[in-house]
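Asks:
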Amino acid sequence: MLIARNANGELIQAYQASREKGKNVEEYYCPACKGKLVLKKGNIMIAHFAHHQLSDCAVFSEGETLPHLKGKQLLLDKFQREGIAVTLECWLPELQQRPDLLIVLGDGKKIAVEYQCSPISPADLLARTQGYKRFGYEVWWICGMNYQPGSIKMTQSVYQFLNHSVALGSWIGILDTQAEEMAIHHHLKLGRDDRFHFVKTLIPLDELKFACLENLYRKGHLPGASDSVANTYGKTASRKHMQAKDINLLRYRTDPEHRKFLLAVYLDRKDLYHLPAMLFELPCRTLGIRTPAYIWRYYLLREFSNPETAKPLTKKHLLDWLSRCIRTNMIRTRVSMESDKELLWEPLLQFMMRLVEDGHAAAIGKEEWVLLSEPLNGNGEGHHSCFG
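Those letters in the sequence shown? Residues 23 to 410, by this note's numbering.
(1) Are there 16 or more other CB atoms within 10 angstroms of the CB of Y159, so buried, or fewer, so exposed?
(2) Cα separation between H186 and W193?
(3) Return the CA-CA distance between W391 and P298, expressed in angstroms with no decimal places.
(4) May I have the straight-line CA-CA distance separating R240 from L127, to the nearest angstrom?
(5) Taking the alpha carbon of Y295 as the reference point, which residue from R27, V180, R273, Y37 has its own alpha carbon closest?
(6) I think G166 touches H90, with their Cβ atoms under 8 Å apart; what is that distance to the nearest whole Å?
(7) Do I106 and Y137 come within 8 Å of each other at the CB atom, strictly closer than that value?
(8) Count the other CB atoms within 10 Å of the CB of A383; is the residue buried (16 or more) or exposed (fewer)?
(9) Is it right to say L393 is buried, meaning 16 or more other beta carbons lie within 10 angstroms of its own, or is it exposed?
(10) I'd like the list of long-range same chain contacts for I386, defined as Cβ closer than 7 Å, with 5 residues on each side in sequence excluded.
(11) Does V188 pass the burial test, meaning 16 or more other C-beta atoms within 10 Å, or should it be called exposed?
(12) Could you check what DSSP says for A183 in three-state terms: helix, strand or coil?
(13) Between D380 and I125, what straight-line distance do the alpha-carbon atoms span, to the nearest angstrom?
(14) State the CB to CB distance for the pair F373 and R319, rounded to an integer number of angstroms; the pair is presumed to be in contact (CB under 8 Å).
(15) Closest to Y51 by C-alpha separation, out of W343, A72, F326, would be which residue?
(16) Less than 8 Å between the beta carbons of V357 and P141, yes or no?
(17) Ends of the alpha helix (DSSP H) at G153?
(18) If we count the other Cβ atoms within 10 Å of its Cβ and call it buried at 16 or more, is L271 buried or exposed?
(19) Alpha carbons only, please: which of V108, L148, K94, Q119 is nearest the one belonging to G130?
(20) Can you tell me whether A26 is helix, strand or coil according to DSSP?
(21) Tell me the rounded alpha-carbon separation between C306 and K58.
(22) Compute the Euclidean distance between the alpha carbons of A201 and L227, then round it to the nearest angstrom.
(23) Considering only their Cβ atoms, is the gap separating H243 from K222 smaller than 8 Å?
(24) Near P314, which residues of its chain fall below 6 Å by C-beta distance, leaving aside the five closest residues on each side in sequence?
(25) Quick one: what's got a C-beta closer than 8 Å to G256's C-beta in the same chain, skipping five residues either side?
(26) Any beta-carbon of chain B closer than 8 Å to the one on T350?
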């Protein structure tokens, strides 16, 4: 931690603290648990306080890394230079939490800024985020380099920090303390190899204004970041699908999710050989939905392409259907600190646009469609079996 109370109860930052006061040893105490702290100043780590080894303080984490300590200090210095009212490691007794930084704006709005470098479970992240919001705090999660998407495969640890906006799509903010710059990874998508593909905008910290962060975390907007990004929902030049041998191997999957899918196909008097190729279009994974795309695509067509129940489909209809599938464990999703609605909507929207492109559906309004054929029954001009 970077802040403590001295014997007089005054808050003091570690870089200002001294081990000795005259002939006496200066003592420092934890603002939360009141336990004694050790001041650590060396040539490698920046100055900071730490509990004694046997401390059971659950508020201030121990073993802080240099990037985490440095990141908090960089953000603190940056906000102070702009004249922003900011407090380091402020203990909030009503929440039993202490954000890395607490900002109080002129209009009274309070913003908790968390610089997250260490691993955190989805449950803890969600609890902390909801705790802040319940008491009227905004919360900005800025991630450390361990969370940068890079070329890694999709993981829950990265997904849980994703934000979503119309301008930036799915995005995450990363603070690089070594380069002293903010990296905004936006328009995140999964490629055919289940790896992240994205656009990255770099902003040096000394050029990153508070107003820019406000626009980013409140409105999901970054000036100039989306100007050169092509429309991601347009027609694609080519399509790639799962190989026939891989589709055939699905019949031998024994996990509950695939067993349920294969049973549904069997009870519908269909087989994998004759399912439409669009179900197996790559990538088979999406950001928010863990269930393979060929499974939920099949369930969606099965639900809505019955001519006896045909009716216009809207965004609400599709999201309500998805919610029912999630509640009944038909479809699995990932956990996010934000509302999942937009992250979950994106793959549904892309599939509906694919149906329109293939002539199976027609758009009759904004986010409203009508199905023109029954792809699962081989109806429609654009039908192609997954085996050619």
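No residue lacks a Cβ here, since even glycine has one placed at the ideal position from N, Cα and C.
Replies: A quick look at the data gives this:
(1) Here residue 159 refers to the residue found at position 137 when the sequence shown is read from its first residue. By the neighbour-count rule (16 or more Cβ atoms within 10 Å), Y159 is buried.
(2) Position 164 of the sequence shown, counted from the start, is the residue given in the question as residue 186. Position 171 of the sequence shown, counted from the start, is the residue given in the question as residue 193. One C-alpha to the other measures close to 6 Å.
(3) Mapped onto the sequence shown, residue 391 falls at position 369. Mapped onto the sequence shown, residue 298 falls at position 276. Going by the C-alpha atoms only, they are around 20 Å apart.
(4) Along the sequence shown, read from residue 1 onward, the residue named residue 240 stands at position 218. Along the sequence shown, read from residue 1 onward, the residue named residue 127 stands at position 105. In a straight line, the C-alpha of R240 is about 14 Å away from that of L127.
(5) Within the sequence shown, the letter at position 273 stands for residue 295. Minimum Cα distance to Y295 is reached at R273.
(6) Counted from its first residue, the sequence shown places residue 166 at position 144. Counted from its first residue, the sequence shown places residue 90 at position 68. Indeed they touch by this definition, with Cβ atoms about 7 Å apart.
(7) In the sequence shown, the residue the question calls residue 137 occupies position 115. In the sequence shown, the residue the question calls residue 106 occupies position 84. No, the Cβ-Cβ distance between Y137 and I106 is not below 8 Å.
(8) As a first step, residue 383 is located in the sequence shown; it is residue number 361 there, counting from the start. Buried is the call here.
(9) In the sequence shown, the residue the question calls residue 393 occupies position 371. Burial call: buried.
(10) Sequence index remark: in the sequence shown, residue 386 carries index 364 (1-based). Excluding sequence neighbours, I386 sits near P334, V392.
(11) Sequence index remark: in the sequence shown, residue 188 carries index 166 (1-based). Flag for V188 reads exposed.
(12) Within the sequence shown, the letter at position 161 stands for residue 183. Checking the displayed sequence, the identity of residue 183 turns out to be Phe instead of Ala. F183: coil per DSSP, three-state reduction.
(13) Here residue 380 refers to the residue found at position 358 when the sequence shown is read from its first residue. Here residue 125 refers to the residue found at position 103 when the sequence shown is read from its first residue. Taking the straight line from one Cα to the other gives about 51 Å.
(14) As a first step, residue 373 must be located in the sequence shown, where it is residue number 351. As a first step, residue 319 must be located in the sequence shown, where it is residue number 297. In this structure F373 touches R319 by the C-beta definition: roughly 6 Å separates them, less than 8 Å.
(15) The residue labelled residue 51 in the question sits at position 29 within the sequence shown. Selected option, being the one with the closest Cα: A72.
(16) Taking the first residue of the sequence shown as position 1, residue 357 is located at position 335. Taking the first residue of the sequence shown as position 1, residue 141 is located at position 119. Not in contact: V357 and P141 (Cβ atoms no closer than 8 Å).
(17) Numbered from 1 along the sequence shown, position 131 holds the residue referred to as residue 153. Looking at the DSSP string, the run of the alpha helix (DSSP H) that includes G153 is 144-156.
(18) The sequence position of residue 271 within the sequence shown is 249, counting from 1. L271 comes out exposed.
(19) Residue numbering aside, residue 130 sits at position 108 when the sequence shown is read from its first letter. Comparing Cα-Cα distances from G130 to each of V108, L148, K94, Q119, the minimum goes to V108.
(20) By 1-based counting over the sequence shown, the position of residue 26 is 4. The answer is strand: DSSP assigns A26 an E or B state.
(21) Indexing the sequence shown from 1 puts residue 306 at position 284. Indexing the sequence shown from 1 puts residue 58 at position 36. Using only the alpha carbons, I get a separation of about 53 Å.
(22) Locating residue 201 in the sequence shown gives position 179, where the first residue counts as 1. Locating residue 227 in the sequence shown gives position 205, where the first residue counts as 1. Their backbone Cα atoms lie some 9 Å apart in a straight line.
(23) The residue labelled residue 222 in the question sits at position 200 within the sequence shown. The residue labelled residue 243 in the question sits at position 221 within the sequence shown. No, they are not a contact pair.
(24) What you label residue 314 is simply residue 292 of the sequence shown in a count that begins at 1. So the qualifying residues of the chain are C306.
(25) On the sequence shown, residue 256 is found 234 positions in, with the first residue counted as 1. In this prediction, G256 scores a pLDDT of 41, lower than 50, which makes its location untrustworthy; the coordinate-derived value is nonetheless stated afterwards. Cβ within range, chain order: n/a, list empty.
(26) In the structure shown, chain B cannot be found, because there is only a single protein chain.
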